[in-house]
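Quick note, the sequence shown lines up with residues 1 to 207 if you use the numbering used here. Just so it is clear, CB atoms sit at the ideal spot from N, CA and C, and this is done for glycine as well.
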Amino acid sequence: MSDALNYLLKVRKDAVEPYFKALKEGGKHLDVKTRSLLSVITKVDAQTERGLKQYLVRALREGNSADEILDAMLVCLPTLGMSKIIWAVDIILKMDIPDFNPEILGKEKKWHKIIAVNEIGEGVSRYDYDGRACFINKTGEEYQVFDSRCPHQAADIPLSALEGATLTCPNHQWKFNVDSGECIENGSRPLNEIEHKIDAGFFYIYS
Ligand code: FES
Numbered sequence: 001m002s003d004a005l006n007y008l009l010k011v012r013k014d015a016v017e018p019y020f021k022a023l024k025e026g027g028k029h030l031d032v033k034t035r036s037l038l039s040v041i042t043k044v045d046a047q048t049e050r051g052l053k054q055y056l057v058r059a060l061r062e063g064n065s066a067d068e069i070l071d072a073m074l075v076c077l078p079t080l081g082m083s084k085i086i087w088a089v090d091i092i093l094k095m096d097i098p099d100f101n102p103e104i105l106g107k108e109k110k111w112h113k114i115i116a117v118n119e120i121g122e123g124v125s126r127y128d129y130d131g132r133a134c135f136i137n138k139t140g141e142e143y144q145v146f147d148s149r150c151p152h153q154a155a156d157i158p159l160s161a162l163e164g165a166t167l168t169c170p171n172h173q174w175k176f177n178v179d180s181g182e183c184i185e186n187g188s189r190p191l192n193e194i195e196h197k198i199d200a201g202f203f204y205i206y207s
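Following this line, the structure appears as structure tokens:
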């Protein structure tokens, strides 16, 4: 939310709160995926960079693919106009989100073979796959997998950002606990957890 809205909420709560209620109530029959996609479109239309970055990451987290986000913008071409779409795509390209890489676009989610299970060490390690990366946190026989992209603005977090159980995104210093994925400082959203399976001695992730 913008600093201006935060300010108005503080100093004119009664006047501004109904606006937020209307926004919330207005979308109550939509699933979260569709809602987040529409939010992206509103940010493109309003050309608010911070809002676009925030809702773009949220839309990906809620299950939209990069293809669906691009399609949604292009479907709205008659109302957005090409210049706003180009403005948005410029921002997306600067964010360097792997999902928008032309070589990844169009690919359905699938199981990726990462490594032989007996080669995964205790604790946190990072693995690259198909132009992206993930963290695997092994505790005994338990595994958790997190996307290496920050849930804030999708920065690719390196393994060197890990200190003890805390992973700190180099961009804006959101801090995450790698045992739970929770954001513990500076931010508000957890790391994106990725489904995994072990099959015939190999570790797979679904992404
Ligand atoms: S991209 Fe902003 S904290 Fe990670």
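- Proximity of the segment 166-179 to the segment 149-158 meets the contact definition, three or more beta-carbon pairs being nearer than 8 Å.
- Those residues that have a beta carbon less than 5 Å away from any non-hydrogen atom of the ligand FES are, in order along the chain, C150, H152, Q153, A155, C169, N171, H172, W174.
- When the alpha-carbon of N101 is set against those of N118, V89, Q54, the nearest one is in V89.
- Contact annotation: the segment 178-189 does not touch the segment 106-118, with fewer than three C-beta pairs closer than 8 Å.
- D199 is bridged by DSSP to F202.
- The alpha-carbon separation between D130 and Y143 amounts to approximately 21 Å.
- D14 counts as exposed, since fewer than 16 other C-beta atoms from the protein chains shown sit within 10 angstroms of its C-beta.
- The Cβ atoms of R189 and R58 sit closer than 9 Å to each other.
- Inter-residue distance for A116 and V44 is about 43 Å (C-alpha atoms, whole angstroms).
- Straight-line measurement puts the Cα of E185 at about 31 Å from the Cα of A22.
- Here DSSP, grouped into helix, strand and coil, assigns N118 to helix.
- Taking C-alpha positions only, Y127 is separated from P151 by approximately 18 Å.
- By alpha-carbon distance to Y206, the top candidate from G187, T166, E163, D147 is D147.
- Exclusion of the five residues before and after I85 leaves M73 as the residues of its chain whose Cβ lies within less than 6 Å of its Cβ.
- Within the same chain, and ignoring the five residues on either side of I114 in sequence, the residues whose Cβ sits closer than 7 Å to its Cβ are Y127, Y129, F203, Y204, I205.
- Straight-line measurement puts the Cα of F135 at about 26 Å from the Cα of I91.
- Residue range 123-129 is occupied by the beta strand (DSSP E) that includes V124.
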